[in-house]
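As numbered in the numbering used here, residues 2 to 291 make up the sequence shown, in order.
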Amino acid sequence: MKIATQTSYLCATLGMEQGIRLLRDVGYDGMDLSLFAMTKDDSPFNADNYREYAAELKTIADDCGIAFTQAHAPFSFRWEDEEVYRNIACPRVERAVEIAALVGAKSIIVHPIHHQLYAGHEEEMHALNIAYYSTLIPLCETYGIKVAVENMWQRDPIRKYITHDVCSRSTLHAAMVDELNAISPCFTACLDVGHSVLIGEEPADAIRTLGHRLGALHLHDNNYIADQHTIPGLGRIDWTALTAALKEVGYAGEFTYEADAFLKGFTPDLLPLAAKFMADVARHWAAKCE
2 MKIATQTSYL CATLGMEQGI RLLRDVGYDG MDLSLFAMTK DDSPFNADNY
52 REYAAELKTI ADDCGIAFTQ AHAPFSFRWE DEEVYRNIAC PRVERAVEIA
102 ALVGAKSIIV HPIHHQLYAG HEEEMHALNI AYYSTLIPLC ETYGIKVAVE
152 NMWQRDPIRK YITHDVCSRS TLHAAMVDEL NAISPCFTAC LDVGHSVLIG
202 EEPADAIRTL GHRLGALHLH DNNYIADQHT IPGLGRIDWT ALTAALKEVG
252 YAGEFTYEAD AFLKGFTPDL LPLAAKFMAD VARHWAAKCE
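Rendered as C-alpha cells:
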C-alpha cells in the first residue's frame, strides 16, 4: 500500500517546493494537499492566477515523482455568518474542489457543516449537509473528482466534553455517503480514525461499517481524550486491529497521515529526520494492510 501525508506543516514551514521535495526524499508516495490557508485572503490559492499556481505545483510534484493523491478543503470560516457562508466559505470550498482536480487528486476531503449544535438537531443537520454537499456535484462531474465526507466531533457547549457530531457514528457516516451517491456517484467516505475514538468508536469497527464506501483516510493517534494528531504508537489506538480491518475490507486507497502535530516539536534542522521517521512508521503499518 502506498503511503501519503498532508502537506500542511512542512510546506508551510519550508515553502511548497522544498516541502514537496522533502516529502519525496523521506519516502512518501503521495500527498494530501492542505488547502487550509484559503481561509486567508492572501493565500495564493485565492489569487486570480490560482490555476497557474496549481499547475506549477503539479509540475513540481511530477518532476519529483510524487503525486497529490487527495486534498483537504479549507474549513475554519465563520460559517454562522450568513455573508461569510455565502460569499466567502462556499466559493472557496468550491474553488478548492477545482484546485484538487487540477493537481491530479482523486478526492478532496470536505468537512460537513457542523458549526451548529448537533444534539437534538440530528435530522436537521443531516438534511442541511445533504443540501450542502449536493451543491458540489456539478464541480465533481465537471472535473472528475470525488468529495470525501469526513466524520466529525463536537464539544458539548455546557459540559465541555467531546460528544457526537455530523457523521461521527459510522452508521450515519455510511448513510450520508449512500444518500449522496444516490443523487450522483461523486462521493466517498474519509475516515478520521482519531475522531472515531474521541466519540467512543474503534476505528476497526468504523472501517468495517464503511466498507466499500471508504475512499480516503486521515490516520493519526491520540489518547482517546484530545485530538492530538500524532503518529501511530504515541497514543492508544490499536494499529494492529486497524490495519487488519483495512485489509479485510479491501481498502484500495493510500495510508494517509494527518499527523503533522508530531513535527511541531522539532527545530527546522531536525525536520528531515523527524519526517523520515514518520514515513518509516507509515510504511511499517501500510505493509500490514496488504
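We treat Cβ as the ideally placed atom computed from N, Cα and C, and that holds for glycine.
Query	Result
The beta strand (DSSP E) that contains K265, what's its start and end?	Premise fails: K265 is in no beta strand (DSSP E) and is neither H nor E.
As an exercise, report each continuous beta strand (DSSP E) stretch of at least 3 residues that is fully enclosed by the region 211-250, in chain order.	215-219
Where E57 and Y29 are concerned, what is the direct C-alpha to C-alpha distance, given to the nearest angstrom?	20 Å
Please state whether DSSP places A74 in a helix, a strand or coil.	coil
I want to know whether the region 41-58 touches the region 113-131 - three or more CB-CB distances under 8 Å.	no
Quick test of your reading: R214 and T189, contact by CB under 8 Å. State the CB separation rounded to the nearest angstrom.	6 Å
Among L247, I208 and D261, which has the Cα closest to the Cα of E151?	I208
Taking C-beta to C-beta, are Y10 and D261 nearer than 9 Å?	yes
With a floor of 4 residues, list each alpha helix (DSSP H) that falls wholly inside the region 157-217, ordered by position along the chain.	171-184, 194-199 and 204-211
Rounded to whole angstroms, what is the Cα-Cα separation between D63 and Y162?	44 Å
Can you tell me whether DSSP reads T6 as helix, strand or coil?	strand
Does E151 have its Cβ less than 9 Å from a Cβ in chain C?	Among the chains of the structure shown, chain C does not appear; only one protein chain is present.
Name the residue from H285, Q7, A183 and D179 whose alpha carbon lies nearest to the alpha carbon of T241.	H285
What are the start and end residues of the alpha helix (DSSP H) that includes A101?	C91 to L103
Counting Cβ pairs closer than 8 Å, one from the region 108-118 and one from the region 154-173, do we hit at least three?	yes
Where does the unbroken beta strand (DSSP E) through G31 begin, and where does it stop?	G31 to S35
Thinking C-alpha only, which one of C191, N224, G251 and N88 is nearest Y258?	C191
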